[in-house]
Amino acid sequence: MRLRLAAAAALAVTMTACAPSTSAPATTASGGGPTTGALKVWLFDEPNRAPKEAVVKEAITEFTAAHPETSVEVQYIPVDTRSERFKGAFNDPASAPDVVEYGNTDLPEYAVAGGLADVGPVVSGWSEGADLAADAKASATYQGTLLGVPWYLGVRALYYRTDVFTELGLKPPATLAELATTAKTVRARKPEMFGVAVGGKYTFGALPFVWANGGDITSIDSAQSRAGLTAYTGLIAADNCPPQNCADLTGGKTVELFASGKAAMGILGNFNRAAVDAGAAKGEYAVVPLPGLTAGSVAPAFAGGNNLGIMKNAQRPALAADFLTLLAGKKYQTKMYDAMGNLPTLKSASAEVAAKDAFVKPFIDTIDAGTRFVPLDPGWGKIDASAVLPTMIQKVATGKATVDEATTEAAKLIDEALKK
Amino acid sequence: MSRVRTRAPLWLLLPAAVVLGGLFLYPMYQLGLLSVLDFTQAQVSGGRPTRFVGAENYTRLFGDDRFWSVLGATVLFAAACVLATLAVGAGLAVLLTRVSRIPRLLLSLAALAAWAVPAVSGSTTWMFLFDTDLGFVNQLFGIEGFNWMYDRYTAFGLVGAVVVWASFPFVMVTLYAGIEAIPKSVLEAAALDGSGAWRTFWRIMVPMLRPVLAIVVIQSIIWDFKVFTQIYVMTHGGGLAGQNLTLNVYAYQQAFASSEYGRGAAIGVVMMLILLAVTLVYLRALRRSGEQL
């Protein structure tokens, strides 16, 4: 009995371990493969996917008309569990898709895992390839190899409630300091509202403050970074967005707060337009670039976005390249803007979109003012997964640590992750 | 002839050995092996060769202050949950033996329902109940705006309550069966000698329930030490600034979500050794006190 119990106890704590594999990296080229059959495509699922799906369906119809005896199977994968899905696809070539949509911050991790094919030849042979914006292309390049075609960009800017601002006689803030005083004014005059919705887990809301002050992720304990972090965490306070409510908020939750009318301002992306229009704030808001330190300047925004790539394990690389260039071309980039509000990466498509829709101007202005990116290093995945930056912000916001202590601790973890 | 005779037991042990080896020894061997390798996503998908790093995963883990504070929190949290689970489970088991049929049926059904609810759904439901602004509990007490997850201890308390809620039915059902198996004559004799309920429980039931209690205690320790779902769901992956991390969630966050499987395996080994040690110490203590298990 004793032994059996001990064995049962031990069995219960045993974790299933995968067998360490030492298989050699696969070396499939991005051309060749059968030109008929089913092409497997993974795209990201979105909260309101229907318009995206409609555009993709249209592209598939065009594609299958031009490629006889082919079909395209699209799977919409949840963003939350994408990492597990991609790892699975890298590990099991048989189940791998041909074309994938992936977030540009995930690039280094996938690149080091050896899962993505070089699409350099595809892009150089593509008539619209030269139209790609250089900084967009750079965000899809890892150590000199182009591992994806930037499909769209997303940047954040400052949304504000025009009705509230008019009522209180406020102007959109011209500097980050003014942003703080404006937010506090709103909160003081309308206690049921938050001035600007900020969150302890909203990394991409906090980073523009750091970047505007001249800091960066890789030097998070520098005086400049600390100044930026002090400004951001100062907003998670009772006179704007109390820590009890805001310390644990993600970026998505700040979107909800602004959309539902609980906040007078929010640092939201162009891709959040549909969510805001679905809420109480519809028709009562405007957007300006998030201001920098001095009037007229713009706080550098994070250039988020998604790329389209071809898997190294793809069964039909040639077909995949054709479908990818179709979907990433000007025609479908503009259609995707109309459907989802995704900013095009092709310069001509971007110009066309800006000309017909005034909403997009502050975002294009933000991009033109210069955007920033997370470190292109597989270590970023670890920094992100182990919540180094949110922990740092939350420690300060809840008074568990000073800015100096929290940034020193975070800097150590960031250095360690990037060094590996 | 004598040779065959000495070998016979070995053959008979083989089926058990194969099952135990396959289900238990082999995964443990793999876990141990992973924990001494530099093994990340790049190695799994073959982008980089696997590298032996010796004790590096362990030295990095033991040199990490965060690990020790998480370990401390896990031990205290698990201990509190085990005690609460046992108290609630045992109390209700005794109650079950004393109430009439219909209440007993209702209580059993309610407990079994709590047991049957998947951990994710259960945790989410409790979160709705304790929601900052819209939660039933906050509205009932008129404390809208009170965020249960903001303070480390209220957060741990609430998560602990959900853990206990989900695990007391096992204790209750097992102990109820044990109590029912105690000869009625013994309890009657105690009652005739003037023993009250409290005294009967501690002096008669507990000693006679020792073997059952041992199973219940060990199970609870293992479950509560490894709690993951409730923490992960209710505190959004470890609470504000990681204040509610327990070892399992920490391992997930630091290792598996970051694809550092070698490091995660090292945490797994440490957890396994702690649980084995606790179990063995407990079993030894039972043996010392004269109970043959």
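Chains as they are written, first to last, in full-length UniProt numbering: chain A, 1 to 420; chain B, 1 to 293.
From the three backbone atoms N, C-alpha and C, an ideal C-beta is built for every residue, glycine too.
For clarity, every value in this text was computed on a predicted model and none was experimentally measured.
Taking Cβ positions only, does B:Y176 come closer than 8 Å to chain A?
-> Taking the second sequence and counting its residues from 1, one reaches residue 176 of chain B at position 176. No, B:Y176 does not count as interfacial toward chain A.
Verify whether the separation of the beta carbon atoms of residue 294 of chain B and B:F168 is less than 8 Å.
-> The structure shown has nothing for residue 294 of chain B, since chain B only spans 1 to 293.
Out of A:I220, A:Q244 and A:V210, point me to the one whose CA is closest to A:G228's CA.
-> As a working mapping, residue 228 of chain A is identified with position 228 in the first sequence. Of A:I220, A:Q244 and A:V210, the residue nearest in Cα terms is A:V210.
Return the Cβ separation of B:Q253 and A:A387 in integer angstroms, given the expectation that the two are a contact with Cβ distance under 8 Å.
-> Your numbering for residue 253 of chain B matches position 253 in the second sequence. Your numbering for residue 387 of chain A matches position 387 in the first sequence. Confirmed, Cβ separation roughly 7 Å.
Does the stretch 154-165 of chain B come close enough to the stretch 214-234 of chain B to have 3 or more Cβ pairs within less than 8 Å?
-> yes
First and last residue of the uninterrupted beta strand (DSSP E) at A:P150 | On the first sequence, position 150 is the one that residue 150 of chain A refers to. Element bounds for A:P150: V149 to G154.
Could you give the uninterrupted runs of the alpha helix (DSSP H) lying entirely in the stretch 100-124 of chain B, keeping only those of 4 residues or more?
-> 101-116
May I ask you to report which of helix, strand or coil DSSP gives B:R51?
-> Numbered from its first residue, the second sequence carries residue 51 of chain B at position 51. If DSSP states are grouped into helix, strand and coil, B:R51 belongs with the strands.
Is the beta carbon of A:A354 within less than 7 Å of some heavy atom of the ligand FMN?
-> Because no ligand of any kind appears in the structure shown, any question about the ligand FMN cannot be addressed here.
What span of residues does the alpha helix (DSSP H) with A:N307 cover, start to end?
-> To locate residue 307 of chain A, count along the first sequence from 1; it is residue 307. Element bounds for A:N307: not the alpha helix (DSSP H) but the beta strand (DSSP E), G304 to I310.
Whose Cβ in chain A lies nearer than 9 Å to the Cβ of B:S121?
-> What you label residue 121 of chain B is simply residue 121 of the second sequence in a count that begins at 1. Correct list: empty, because the minimum Cβ distance to chain A is about 17 Å.
Assumed close pair A:V41, A:P97 - CB separation to whole angstroms, cut-off 8 Å = Indexing the first sequence from 1 puts residue 41 of chain A at position 41. Indexing the first sequence from 1 puts residue 97 of chain A at position 97. About 6 Å separates the Cβ atoms of A:V41 and A:P97, confirming a contact at the 8 Å cut-off.
By how many angstroms is the C-alpha of B:V164 removed from the C-alpha of B:V82?
-> For the purposes of this step, residue 82 of chain B is taken as the residue at position 82 of the second sequence. For the purposes of this step, residue 164 of chain B is taken as the residue at position 164 of the second sequence. About 8 Å.
Relative to the C-alpha of A:L319, which residue among A:T64, A:P51 and A:K57 is closest?
-> Within the first sequence, numbered from 1, the residue matching residue 319 of chain A stands at position 319. When only C-alpha atoms are compared, the closest one is A:T64.
The stretch 352-363 of chain A contacting the stretch 116-131 of chain A, beta-carbon criterion three pairs below 8 Å = no
Using 8 Å as the Cβ pair cut-off and three pairs as the minimum, do the stretch 25-36 of chain B and the stretch 47-66 of chain B touch?
-> yes
For A:S386, decide whether its Cβ has a neighbour in chain B, counting only Cβ atoms nearer than 8 Å.
-> The residue you call residue 386 of chain A lines up with position 386 of the first sequence. Yes, its Cβ sits closer than 8 Å to a Cβ of chain B.
Mind checking whether A:V186 and A:V164 have CB atoms under 8 Å apart?
-> Residue 186 of chain A sits at position 186 when you count from the first residue of the first sequence. Residue 164 of chain A sits at position 164 when you count from the first residue of the first sequence. Going by C-beta atoms, A:V186 is nearer than 8 Å to A:V164.
Report back the beta-carbon spacing between A:A247 and A:A397 to the nearest angstrom; my notes put them in contact at under 8 Å.
-> In the first sequence, the residue the question calls residue 247 of chain A occupies position 247. In the first sequence, the residue the question calls residue 397 of chain A occupies position 397. Yes, they are in contact, since the Cβ atoms of A:A247 and A:A397 sit about 5 Å apart, within 8 Å.
Determine the closest residue to A:E62 out of A:D80, A:C241 and A:Y332, with distance taken between C-alpha atoms.
-> As a first step, residue 62 of chain A must be located in the first sequence, where it is residue number 62. Per the Cα distances, A:Y332.
For A:A38: DSSP bridge partner residues = Locating residue 38 of chain A in the first sequence gives position 38, counting from the first residue. Answer is A:S71, bridged to A:A38.
Option nearest A:K57 by Cα separation, candidates A:D106, A:M336, A:V198 and A:A385 | Position 57 of the first sequence holds residue 57 of chain A. With distances taken between Cα atoms, A:K57 lies closest to A:M336.
Classify A:A24 as helix, strand or coil using the three-state DSSP reduction.
-> In the first sequence, residue 24 of chain A corresponds to position 24, counting from 1. Residue placement at A:A24 cannot be trusted, given a pLDDT of 39 that sits under 50; what the coordinates show is reported in the next sentence. The answer is coil: DSSP assigns A:A24 none of H, G, I, E or B.
Which word fits A:E167, buried or exposed, when buried means at least 16 other C-beta atoms lie within 10 angstroms of its C-beta?
-> Residue numbering aside, residue 167 of chain A sits at position 167 when the first sequence is read from its first letter. By the 10 Å Cβ count, A:E167 comes out exposed.
List the residues that DSSP assigns as beta-bridge partners of residue 337 of chain B.
-> Missing from the structure shown is residue 337 of chain B; chain B here goes from 1 to 293 and no further.
Alpha carbon of B:W115 to alpha carbon of B:V173, nearest angstrom = Start at 1 with the first residue of the second sequence, and residue 115 of chain B comes out as number 115. Start at 1 with the first residue of the second sequence, and residue 173 of chain B comes out as number 173. Between B:W115 and B:V173, the C-alpha separation is close to 11 Å.
Nearest candidate by alpha-carbon position, reference B:T246, set B:T40, B:Q43, B:F67 and B:G32 = Here residue 246 of chain B refers to the residue found at position 246 of the second sequence. The option with the nearest alpha carbon to B:T246 is B:F67.
Uninterrupted alpha helix (DSSP H) stretches inside the stretch 187-250 of chain A (no shorter than 4 residues) = 203-212, 223-233 and 243-246
Return helix, strand or coil for A:L116, following the three-state DSSP convention.
-> Taking the first residue of the first sequence as 1, we reach residue 116 of chain A at position 116. It is a strand residue.
At which residues does the beta strand (DSSP E) containing A:V100 begin and terminate?
-> The count along the first sequence starts at 1 and reaches residue 100 of chain A at position 100. First-last of the beta strand (DSSP E) with A:V100: V99 to G103.
The alpha helix (DSSP H) spanning B:Y232 covers which residue range?
-> Translated into the one-based positions of the second sequence, residue 232 of chain B becomes position 232. Taken as a continuous stretch (DSSP letters only), the alpha helix (DSSP H) holding B:Y232 covers T229 to M234.
Determine the closest residue to B:E180 out of B:F256, B:S195, B:A119 and B:M205, with distance taken between C-alpha atoms.
-> The sequence position of residue 180 of chain B within the second sequence is 180, counting from 1. Nearest C-alpha to B:E180: B:M205.
At least one CB of chain B closer than 8 Å to the CB of A:V112: is that the case?
-> Stepping through the first sequence from its first residue, residue 112 of chain A is reached at position 112. True, the Cβ-Cβ gap to chain B drops below 8 Å.
Just the C-alpha distance for B:L107 and B:A87, rounded to the nearest angstrom, thanks.
-> Along the second sequence, read from residue 1 onward, the residue named residue 107 of chain B stands at position 107. Along the second sequence, read from residue 1 onward, the residue named residue 87 of chain B stands at position 87. Rounded to the nearest angstrom, the two C-alpha atoms are 16 Å apart.
Near B:V186, which residues of its chain fall below 7 Å by C-beta distance, leaving aside the five closest residues on each side in sequence?
-> For the purposes of this step, residue 186 of chain B is identified with residue 186 of the second sequence, where counting begins at 1. I204.
Starting from the Cα of A:L308, find the closest Cα among A:G37, A:L43, A:G32 and A:P34 and give me that residue.
-> The residue given as residue 308 of chain A occupies position 308 in the first sequence. Here the closest residue by C-alpha is A:L43.
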